[in-house]
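Numbering (my numbering), first residue to last: 258 to 573. Beta carbons are placed, not taken as given, at the ideal position from N, Cα and C, and that holds for glycine. Quick caveat: nothing in here was measured; it's all calculated off a predicted structure.
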């Protein structure tokens with residue numbers, strides 16, 4: 258264990274947009290993600306905890322696609338901080354991203370054959386292969402088309418053109434940590450893709466999107482703005498939020514108002530009541546029995562769920 262690691266019987270209470278989306282989608286998936294998998298990496302944990310932890314760490318093709326594209330964008334922006342003439346072109350971006358995704362597929366096929374993931378999860382494992390499936394040619398062709406669109410959109414995006422053509426100050430660039438802040442002792446997670454200071458003095462929050470627009474996108478920007486206000490002591494009126502929809506080739510931008518910040522604070526407060534409803538002990542963050550967390554009635558979601566190996570063996 259790393260220095261300073263503290264073993265906790267129950268996980269730390271936290272809030273994020275993705276957490277609440279999971280709860281809304283399926284209570285049982287929520288249980289396994291945030292409670293049932295806790296301590297699954299410890300030798301003396303239960304078999305269910307170990308399995309849930311391994312399943313939690315699975316990814317899927319489209320999540321991996323987004324992660325790899327984000328990583329390449331981060332690299333390009335880091336290079337631009339030093340020399341704006343040496344970043345790779347679109348063809349190179351496309352080539353190395355495809356090669357990396359092919360590597361993830363090969364890695365997943367090998368781990369499926371050797372059952373290595375069930376020994377200890379390292380690296381990537383696509384749930385498509387973990388559950389004995391595969392990536393169809395149609396899906397592969399769609400991935401290539403999406404990649405071309407996302408890459409081309411990035412190079413002509415509002416954000417990249419501003420960084421390339423103006424004197425900007427990069428403050429955060431998809432850091433390898435899950436940033437958070439405390440709100441009334443609740444940990445609020447907020448991992449910003451990009452934060453920079455523009456020539457006009459605004460602090461610009463950028464959210465790169467490789468998928469389709471979602472109704473949660475603005476709320477995510479509000480969380481990011483709240484984080485920037487707290488961490489950097491910046492007034493909301495000096496912050497811009499921008500979603501770059503790379504797949505569709507356009508961006509949406511907002512300048513925050515006081516009611517926006519009050520809205521997201523009220524939402525987190527209300528969501529905390531929902532989180533606490535599922536707890537036996539609020540102070541310990543001890544969950545109620547698993548049976549309280551109902552399975553979704555939307556069966557089509559089950560085929561896309563990481564935890565179906567465990568869920569199908571549940572007796573309730």
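Near residue 266, which residues of its chain fall below 7 Å by C-beta distance, leaving aside the five closest residues on each side in sequence?
none
Residue 480 (DSSP reduced to helix, strand or coil):
helix
Of the residues 476, 419, 480, which one's Cα is nearest the Cα of residue 457?
419
Within 10 Å of its beta-carbon, does residue 370 have 16 or more other beta-carbons around it, so buried, or fewer, so exposed?
exposed
From this set, 443, 435, 440, 507, which residue's C-alpha is nearest residue 449's C-alpha?
435
Would the beta-carbon of residue 447 be found less than 7 Å away from any heavy atom of the ligand FMN?
Although the ligand FMN was asked about, the structure shown includes no ligands whatsoever.
CB-CB length for residue 455 against residue 461, believed under 8 Å:
5 Å
Am I right that residue 536 and residue 522 are in contact with their C-beta atoms under 8 Å? What's the rounded C-beta distance?
About 21 Å; that fails the 8 Å criterion.
Quick check: the Cα distance between residue 346 and residue 340, rounded to an integer number of angstroms?
14 Å
Do residue 270 and residue 542 have their CB atoms nearer than 8 Å?
yes
Please state if the CB of residue 551 and the CB of residue 285 are separated by a distance shorter than 8 Å.
yes
Measure the alpha-carbon distance for residue 428 versus residue 569 and round it to whole angstroms.
46 Å
Can we say the region 437-446 touches the region 465-477, given the rule of at least three CB pairs closer than 8 Å?
no
Distance between residue 273 and residue 315 (C-alpha atoms, nearest Å)
19 Å
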